Amino acid sequence: MSFEPCNAAMLALGQAPSVIRETFEYGNKRATEIGRENVFDFSLGNPSVAPPESVHDSMRKLMDEIPSVALHSYTSAVGAEPVRAAIASDINTRYQAGVSAGDIYMTCGAAASLTVTLHAILCPGDVCMTFAPFFPEYRVFVEKTGATFEIVPADTVHFQINLEAFRKMVSPATKAILINTPNNPTGVIYTEENLKALCDILREKSAEYGHPIYLIADEPYRELVYDDTAVVPYLTNLYANTFVCYSYSKSLSLPGERIGYIVVSPTMEQQRMLYAAVCGAGRALGFVCAPSLMQRVVAENLGKTADLAVYRKNRDLLYHALTAYGYRCIYPDGAFYLFVQALEPDANAFCQRARDYELLLVPSDSFGCEGFVRISYCVTTEMIERSLPAFEQLAAAYR
1 MSFEPCNAAM LALGQAPSVI RETFEYGNKR ATEIGRENVF DFSLGNPSVA
51 PPESVHDSMR KLMDEIPSVA LHSYTSAVGA EPVRAAIASD INTRYQAGVS
101 AGDIYMTCGA AASLTVTLHA ILCPGDVCMT FAPFFPEYRV FVEKTGATFE
151 IVPADTVHFQ INLEAFRKMV SPATKAILIN TPNNPTGVIY TEENLKALCD
201 ILREKSAEYG HPIYLIADEP YRELVYDDTA VVPYLTNLYA NTFVCYSYSK
251 SLSLPGERIG YIVVSPTMEQ QRMLYAAVCG AGRALGFVCA PSLMQRVVAE
301 NLGKTADLAV YRKNRDLLYH ALTAYGYRCI YPDGAFYLFV QALEPDANAF
351 CQRARDYELL LVPSDSFGCE GFVRISYCVT TEMIERSLPA FEQLAAAYR
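Reading the sequence shown from the start, the letters are residues 1 to 399 in this note's numbering.
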């Protein structure tokens, strides 16, 4: 038996960084060569707006009022009970979801929420489906469980859930559906009508196949909604067998603090068994006891957000300018991404050409939808303003 120094699959992942990260690193290199102010880097979804000042106030207060040993000690593996109770109360106040502290598992951000949930329910031979376009790491998270990852083709007109294609693809092996609204990379919010239709199909197919099909809602952008008419339905109210995976990275601008949670719907079939499986997956993956200080901080800042007006201003500025230059842009109701159709069929080639103008965009191929680019507008408004002539010159080069 030959000796392998490492896991080949993990080596492959480590040697092939995501196109998002590759673009970001290229931007760092160009910044050292020509100056940061001359590079228009729209690659990362890294919040540019500071956390609410109340977050810093909470940190200072907690450090002043709670003895250091107590403040930085382990909490319960599932998270501190008072924190989970406060989060449940906030969810119920806003969405009337009937959630209790015992339905919540605190996590180290959205990635942990998703990987713990996926490992809790998926087995080799199962299928987990998602809808293009989607966050590329979904594939990594699902395939690590031994399950098969299947992609429902995009509705490239409205970018709602492609229900017709989904109905044709769902099968007895389908165990879970992973959705993201507001969506990364499009910024589109799935309508309540669209989501209700999806849930109707899930109930129908669960009954037909004799087992539940779980719905996993990836919700780091829930609060990032810019239009008064836009509504993000709370999915446990639409479908019993739902897991909600949440992160405070975007709403409170705390991506580096890695704090979030999982809600196991209180109406889920065999709910206590599924919650126990979440606890077991957290244990197996090493995600027990989310950061104790940050648990307390978010509990004191429930319902608050960073200044979303900045993102709204950026969206409006970029959307209206690019459409005026002749780009087809998908109007984003939420998140902080603009999905733009490339000016040639090959989005990768388009992004390479954009680099001639120091525009760093992310091609859509890894999102499961060819021919578009993602622009992260969670950058300074000043950078967007400086980038507009480059976008105009790029468009002119294709005329």
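In this text, a Cβ means the ideal position worked out from N, Cα and C, and glycines have one as well.
None of the values given here were measured: they were computed from a predicted structure.
query                                                                                                                     : result
Three-state secondary structure (DSSP) of Ser376                                                                          : strand
Pairwise C-alpha distance: Ala147 and Thr191                                                                              : 29 Å
Nearest-angstrom beta carbon gap, Ala120 and Ala299 [assumed within contact, 8 Å]                                         : The pair is not a contact, with the Cβ atoms about 24 Å apart (cut-off 8 Å).
Euclidean distance between Cα positions of Ser73 and Phe141                                                               : 30 Å
Gly371 and Ala342 closer than 8 Å at C-beta                                                                               : yes
Where Val362 sits in the DSSP three-state scheme                                                                          : strand
Residue-level contact to chain D via CB, Tyr337, 8 Å cutoff                                                               : No chain D appears in this structure, which consists of one protein chain only.
Where Gln295 sits in the DSSP three-state scheme                                                                          : helix
Cα-Cα separation, Arg315 to Arg36                                                                                         : 22 Å
Nearest-angstrom Cα separation, counted from Cys6 out to Ala290                                                           : 28 Å
Unbroken stretches of the alpha helix (DSSP H), 4 residues or longer, contained in the segment 262 to 335                 : 271 to 285, 292 to 299 and 308 to 324
Cβ pair Ala207, Leu235 closer than 8 Å                                                                                    : no
Every unbroken alpha helix (DSSP H) inside the segment 123 to 206 [4 residues or more]                                    : 137 to 143 and 163 to 169
Continuous alpha helix (DSSP H) stretch holding Thr117: start and end                                                     : Gly109 to Ile121
Asn348 versus Ser366: straight-line alpha-carbon distance, rounded                                                        : 10 Å
Bridge-paired residues (DSSP) for Tyr105                                                                                  : Ile262
Rounded distance between the beta-carbons of Ser247 and Pro220, thought under 8 Å                                         : 4 Å
Top-ranked residue by Cα proximity to Glu269, from Arg203, Tyr319, Ala306 and Leu178                                      : Arg203
Beta-carbon spacing of Ile189, Leu163 below 8 Å                                                                           : no
Unbroken beta strand (DSSP E) run spanning Leu254, endpoints                                                              : Taken as a continuous stretch (DSSP letters only), Leu254 belongs to no beta strand (DSSP E), as it is neither H nor E.
Distance CB(Cys279)-CB(Ala86) smaller than 8 Å                                                                            : no
Local Cβ density within 10 Å of Met106, reported as buried at 16 or more and exposed below that                           : buried
Where the alpha helix (DSSP H) through Leu388 begins and ends                                                             : Thr381 to Ala397
Beta-ladder partner(s) of Phe339, from DSSP                                                                               : Ile330 and Arg374
Nearest-angstrom Cβ-Cβ length linking Tyr337 and Leu394, presumed shorter than 8 Å                                        : Not really, about 19 Å apart at Cβ, beyond 8 Å.
Nearest-angstrom beta carbon gap, Met169 and Val157 [assumed within contact, 8 Å]                                         : Wrong, their Cβ atoms sit about 19 Å apart, outside the cutoff.
Element boundaries [alpha helix (DSSP H), containing Thr229]                                                              : Counting along the chain, Thr229 falls outside any alpha helix (DSSP H), and DSSP gives it neither H nor E.
Check whether Ala252 and Ala306 have beta carbons under 8 Å apart                                                         : One point to set straight first is that residue 252 is Leu, not Ala, in the sequence displayed. Contact: yes.
Anticipated Cβ contact below 8 Å, Phe287 with Cys108, distance rounded                                                    : 6 Å
Neighbourhood of Ser58 by C-beta, 7 Å cutoff - its chain only, sequence neighbours within 5 removed                       : Val297, Glu300 and Asn301
Residue from Phe166, Ala173, Pro345 and Ser171 whose Cα sits closest to the Cα of Ile179                                  : Phe166
Collapsed DSSP secondary structure at Leu215 in the structure displayed                                                   : strand
Range of the contiguous beta strand (DSSP E) that encloses Val244                                                         : Thr242 to Ser247
Beta-bridge pairing of Asp57 - partner residues as DSSP gives them                                                        : Answer is none; Asp57 lacks a bridge partner.
Segment contact flag, the segment 313 to 327 with the segment 383 to 391, C-beta cutoff 8 Å, min 3 pairs                  : yes
Cut-off 7 Å between Cβ atoms - residues of its own chain near Met97, not counting five sequence neighbours on either side : Residue identity differs from the one stated: residue 97 is Ala in this sequence, not Met. Only Ile91, Tyr234, Thr236 and Asn237 meet the Cβ criterion.
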